[in-house]
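To start, the structure under review is shown below, and the notes come after it.
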Amino acid sequence: MEKKKILLVGGTGYLGQHLLQEFSQSHSNTQYNIAFTHHSSPPPQLLLNSISPTFLAFQVDLQTGHGLDTISNNFGQPDLIVNCAAQSVPRVCEMDPSTAMATNVPCSLVKWLASFQEPALLIHLSTDQVYEGLKSFYKEDDETVPVNVYGKSKVAAEQFIVSNCTNFAILRSSIIYGPQTVSPVTKSLPIQWIDGVLSKGVKVDFFYDEFRCPVYVKDVVAIILALIKMWILDGKQMQLLYNVCGPDRLSRAQMAEAVASVRGYNTSLINPVSASSVNRGVQSPSDISMDISRLVQQLGVAPISYKGGVKLTLEIEDGL
Numbered sequence: 001m002e003k004k005k006i007l008l009v010g011g012t013g014y015l016g017q018h019l020l021q022e023f024s025q026s027h028s029n030t031q032y033n034i035a036f037t038h039h040s041s042p043p044p045q046l047l048l049n050s051i052s053p054t055f056l057a058f059q060v061d062l063q064t065g066h067g068l069d070t071i072s073n074n075f076g077q078p079d080l081i082v083n084c085a086a087q088s089v090p091r092v093c094e095m096d097p098s099t100a101m102a103t104n105v106p107c108s109l110v111k112w113l114a115s116f117q118e119p120a121l122l123i124h125l126s127t128d129q130v131y132e133g134l135k136s137f138y139k140e141d142d143e144t145v146p147v148n149v150y151g152k153s154k155v156a157a158e159q160f161i162v163s164n165c166t167n168f169a170i171l172r173s174s175i176i177y178g179p180q181t182v183s184p185v186t187k188s189l190p191i192q193w194i195d196g197v198l199s200k201g202v203k204v205d206f207f208y209d210e211f212r213c214p215v216y217v218k219d220v221v222a223i224i225l226a227l228i229k230m231w232i233l234d235g236k237q238m239q240l241l242y243n244v245c246g247p248d249r250l251s252r253a254q255m256a257e258a259v260a261s262v263r264g265y266n267t268s269l270i271n272p273v274s275a276s277s278v279n280r281g282v283q284s285p286s287d288i289s290m291d292i293s294r295l296v297q298q299l300g301v302a303p304i305s306y307k308g309g310v311k312l313t314l315e316i317e318d319g320l
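Number 33 in UniProt numbering belongs to position 33 of the sequence shown; there are no gaps in the numbering.
This is the structure in structure tokens:
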């Protein structure tokens, strides 16, 4: 059987690097031909050193689509695209809505995909911030009423994909946490940040009234791999929408308490405050915990508990 071509868009980001590592270490490169995109050039040498030399890297500007034709010419038309690229910092999106929309709504990518002779599967990463945040455990069929530009750009992306693609899986992800990437990303990682501030022995404020269901990065990778395998085995077009998160509904303070428990820090260092007491320059939904029963039933992937993921993260970090 001819090897399927998989294109990972945003391969130098946090989730992208973890996916590339998995593809390389699990010998998926013997099953698939892998390519990935990066925005800045050249791609990080640490990343290139750690993955299969058969993986091809392409510089692409997703706002203009520049570079996509180079992929067609040098890699061929992908059978499957995983889109991890996004402007995902809500405050940055709020400051520059037009750039957030241009980056997060994959117009050029979908237009390119529509030109293919055979319909490719698009796996697209969305966010829990599409929900308004007024209740617990949102289901996929609940109304999307985002309260900030980031959430609005992601809803617009979902609507664009549904209207213009016939073969897609949209993954609404919560906060993704886990070990640092082989080429360290510049953005702050949640477990590492909590561990860093608590290790100083100084009392730190954490919100007690803002709830999420954080998900371990390797579980997100497993979900994407399960979708890839399901599509390749069935060969049928998909139109899927899943919430992607961990099983635990947690406040920021509870997230910190779990790190303190694993590390043995004094929990009196965690000072619970209301999210309304801080102006972050962007409105943040209060409770966007999600129900993942559809994901678990249909894909058979059961994400690890938050505390279990924290233990794994810190063990890996300590071993670096």
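Here a beta-carbon is modelled for each residue, glycine too, at the ideal position from N, C-alpha and C.
Taking a cut-off of 8 Å for Cβ pairs, the stretch 134–150 and the stretch 269–288 touch, as three or more such pairs fall below it. Measuring C-alpha to C-alpha distances from V60 to each of N73, T54 and S41 identifies S41 as the nearest.
Judged by DSSP secondary structure, Q180 falls outside any alpha helix (DSSP H); it is assigned neither H nor E.
Going by beta carbons, K111 and N164 fall inside the 9 Å limit. Distance check between T127 and each of A253, T70, V221 and A86 places A86 closest, using alpha-carbon atoms only. Burial state of G178 is buried, judged by a 10 Å Cβ sphere holding 16 or more other Cβ atoms.
Residue range R252 to R263 is occupied by the alpha helix (DSSP H) that includes Q254. According to DSSP, residue pairing for D287 in a beta bridge involves L134 and F211. For the pair N271 and E317, the Cα-to-Cα distance works out to about 25 Å.
In the structure shown, F160 falls within a helical segment according to DSSP collapsed to helix, strand and coil. Per the coordinates, the alpha-carbon of I191 lies some 8 Å from the alpha-carbon of T313.
Selection G319, Q283, K311 and G308 evaluated against V92 yields Q283 as nearest (Cα-Cα). Judged by their CB atoms, N243 and Y138 are nearer to each other than the 9 Å cut-off.
R263 counts as exposed, since fewer than 16 other beta carbons sit within 10 angstroms of its beta carbon.
Close CB contacts of V310 within its chain, under the 7 Å cut and outside five residues either way in sequence, are with I191, A258, V259 and V262 (chain order). If you draw a straight line from the Cα of L225 to the Cα of P97, it is about 32 Å long.
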